[in-house]
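Just below is one structure, and these are the notes that go with it.
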DNA sequence: CACTTTTTTCAGAAATAGCAGAAACCCGTG
DNA sequence: CACGGGTTTCTGCTATTTCTGAAAAAAGTG
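Chains as they are written, first to last, in my numbering: chain A, 1 to 195; chain S, 1001 to 1195.
Structure below.
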């Protein structure tokens, strides 16, 4: 399959970016190709288009499936496996966030929790444990937040993202409401006197 | 410098995770060491503690500085450079988000914008451009959101993070307010009839 | 259940990244 | 401007990752 120049550029770019994203060139290219394609592709088509070996494509697809970024399906009257990416880009983004959390955060979180079970024995270790505790707390919050994100449907997510920078304003609004409601009369309950 | 076992475990773990995070083992270990240390360390101390070559440490520190994750300082009466990480973990996290955006998002965003300037010439390309447009829109939102995050001070950020899953509820609250205010009487202005 | 088609696995080749040691460099100081 | 402590860059070797072609396995088919 011949690629038009803009599609080709995108595919090659994804290949190059792959290393920064923690995947290899072929995996990046396969993903780009499937993402842009208007129909599912089989492994042979991918092989021909990218000019890499069949086995390489097989391994790449396996990896992309382990990331849940591509799915396979069978077309009627054809024994080949056909691969495609989800239509909804929000769904793709959510998958990416979840998988990265699993791979990049969870192992460290596990180690930190284990380590922090034991008491520190000297000053240096005491300080180190404090630092680990800070990291652990933050990672847990990020992890929780990522879990919460997964529960949102694409529409809510879209809304949240559009909100973007407006969130702090929303927070202020909430504060005012709380003040009216009398639940919390302090202007900034958790702020230090002056920064 | 001898490391206590829990510190050692953390340092080694960071070394292993390095490959997933897009840094190499030594860089990961250096960072872990500096992060836990209760005082700034010089290159020689790092070399001795980790048992890697002096030049390797030098390159690692250079990389960590390019990420703005460690800073160097001079101690009075000592010509050596001393290295440390910021105290505030929120500041560290913000730096990480910003640097990752620069490295992992911005180049692709640039390519997408360029590509989308040109019109598509055939059906396949037309579809591909639609997909690129979706990706571009999402990446721009994420990028904007990341920029907004940078403007927040650590306290606000902490608050936002703690909020976590509560944000959707906040959204609902906002909706109700809007309804009261009469700006938007629909229950879910942008939702499809049924999902 | 033999045969064909398709996919996966594996072992080694090729490419890339990481590392140590040596050399070069930088910068105050006498 | 030579010296010495300190740092960075360069060079070549090593380890790791990526990739290919061949062989094995799996999955349909008549």
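Ideal Cβ positions, reconstructed from N, Cα and C, are used throughout, including at glycine.
Cut-off 6 angstroms between Cβ atoms - residues of its own chain near residue i, not counting five sequence neighbours on either side
| i | result |
| --- | --- |
| residue 1011 of chain S | 1029, 1032 and 1033 |
| residue 1120 of chain S | 1126 and 1129 |
| residue 7 of chain A | 36 |
| residue 1002 of chain S | none |
| residue 15 of chain A | 25, 28 and 29 |
| residue 1072 of chain S | 1081 and 1083 |
Rounded distance between the beta-carbons of residue j and residue i, thought under 8 angstroms
| i | j | result |
| --- | --- | --- |
| residue 36 of chain A | residue 1128 of chain S | 4 angstroms |
| residue 18 of chain A | residue 1148 of chain S | 28 angstroms between Cβ atoms; not a contact. |
| residue 1022 of chain S | residue 22 of chain A | 6 angstroms |
| residue 1042 of chain S | residue 1081 of chain S | 6 angstroms |
| residue 1122 of chain S | residue 4 of chain A | 7 angstroms |
| residue 160 of chain A | residue 152 of chain A | 7 angstroms |
Cβ neighbours of residue i in the same chain (closer than 8 angstroms, five flanking residues each side left out)
| i | result |
| --- | --- |
| residue 91 of chain A | 154 |
| residue 1050 of chain S | 1011, 1026, 1029, 1030, 1033 and 1057 |
| residue 1193 of chain S | Any answer about residue 1193 of chain S is weak, because its pLDDT of 44 lies below 50 and its placement is not dependable; what the coordinates show is given next. Within the same chain, residue 1193 of chain S has no close Cβ partners at all. |
| residue 1139 of chain S | 1105, 1108, 1109 and 1112 |
| residue 1158 of chain S | 1090 |
| residue 45 of chain A | 1 |
Backbone secondary structure at residue i - three-state DSSP
| i | result |
| --- | --- |
| residue 1088 of chain S | coil |
| residue 52 of chain A | coil |
| residue 1202 of chain S | Because chain S spans 1001 through 1195 in this model, residue 1202 of chain S falls outside it and cannot be assessed. |
| residue 1154 of chain S | helix |
| residue 1001 of chain S | coil |
| residue 1128 of chain S | helix |
| residue 121 of chain A | coil |
| residue 68 of chain A | coil |
| residue 37 of chain A | coil |
| residue 1006 of chain S | helix |
| residue 1185 of chain S | Note that residue 1185 of chain S scores 43 on pLDDT, short of 50, meaning its location in the model is unreliable; the coordinates nonetheless yield the value given after this. If DSSP states are grouped into helix, strand and coil, residue 1185 of chain S belongs with coil. |
Own chain partners of residue i with C-beta closer than 7 angstroms, once the 5 adjacent residues on each side are dropped
| i | result |
| --- | --- |
| residue 1150 of chain S | 1094 and 1098 |
| residue 20 of chain A | none |
| residue 116 of chain A | 129, 132, 133 and 136 |
| residue 1064 of chain S | 1027, 1030, 1031 and 1070 |
| residue 1086 of chain S | 1092 |
| residue 60 of chain A | 26, 27 and 30 |
| residue 156 of chain A | none |
Proximity test, residue i beta-carbon vs the ligand COA heavy atom, cut-off 6 angstroms
| i | result |
| --- | --- |
| residue 1107 of chain S | The ligand content of the structure shown is nil, which means the ligand COA is not present either. |
According to DSSP, residues forming a beta bridge with residue i
| i | result |
| --- | --- |
| residue 1082 of chain S | S/1042 and S/1073 |
### Query
Counting Cβ pairs closer than 8 angstroms, one from the segment 126 to 140 of chain A and one from the segment 1035 to 1053 of chain S, do we hit at least three?
A contact exists between the segment 126 to 140 of chain A and the segment 1035 to 1053 of chain S.
### Query
Does the segment 102 to 110 of chain A touch the segment 132 to 149 of chain A, meaning 3 or more C-beta pairs lie closer than 8 angstroms?
Three or more beta-carbon pairs separated by less than 8 angstroms link the segment 132 to 149 of chain A to the segment 102 to 110 of chain A, which places the two stretches in contact.
### Query
Given 8 angstroms as the limit, is there contact between the segment 1084 to 1102 of chain S and the segment 52 to 65 of chain A, that is, 3 or more CB pairs closer than that?
Under the three-pair Cβ rule at 8 angstroms, the segment 1084 to 1102 of chain S does not count as touching the segment 52 to 65 of chain A.
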